[in-house]
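Chemist: My questions will all concern the structure given below.
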Amino acid sequence: MDPILEETRTPDERIQTAFENEENDLQVLVRGNVIRLLSDDTSGDQHQRFIIALESGQTLLIAHNIDIGERVPDSVLGNEVYVYGVYEWNDEGGVIHWTHEDPDEGHIEGFIQFEGHKYQ
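Take the sequence shown: its letters are residues 1139 to 1258, numbered as in my numbering.
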């Protein structure tokens, strides 16, 4: 796609295209409502997990490393968040990870913003 046109697309359109094309390693900023809290993934690095729904209706799994980043409070359920991280395709809509600082300073730092606070 033309880089100029790419910049005019909404974040939801960008995610939808990434899903349709089975793209990975895409740095994204999305806004969505938290519709489900999941149990933490405790294998390897611990990740807080929850599902957000975008305005388009597409759902995304958010996997937030809590060995590095601050846990987002459970009061996030039902509320709007901004998530900046790396999109990876899966057949359920995709996952966003790298929502935290990088202690090795080799990766773009991500975040989850909720009620004006950045969790990273």
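Ideal Cβ placement from N, Cα and C applies to all residues, glycine included.
To the nearest angstrom, how far is it from the Cα of I1234 to the Cα of V1214?
Modeler: 17 angstroms
Chemist: In or out: H1245 buried (at least 16 other Cβ within 10 Å) or exposed?
Modeler: exposed
Chemist: Counting along the chain, where does the alpha helix (DSSP H) carrying E1226 start and finish?
Modeler: Segment 1218-1226 is the beta strand (DSSP E) holding E1226; no alpha helix (DSSP H) there.
Chemist: Suppose you measure from the CA of D1242 to the CA of Q1251; what does that come to, to the nearest Å?
Modeler: 22 angstroms
Chemist: Return helix, strand or coil for Q1154, following the three-state DSSP convention.
Modeler: helix
Chemist: With DSSP run on the structure shown, which of helix, strand or coil describes V1210?
Modeler: coil
Chemist: Rounding to the nearest angstrom, what Cα-Cα distance links N1315 and L1198 in this structure?
Modeler: Residue 1315 is absent from the structure shown; the chain starts at 1139 and stops at 1258.
Chemist: Does the Cβ-Cβ distance between L1192 and V1210 come in under 8 angstroms?
Modeler: no
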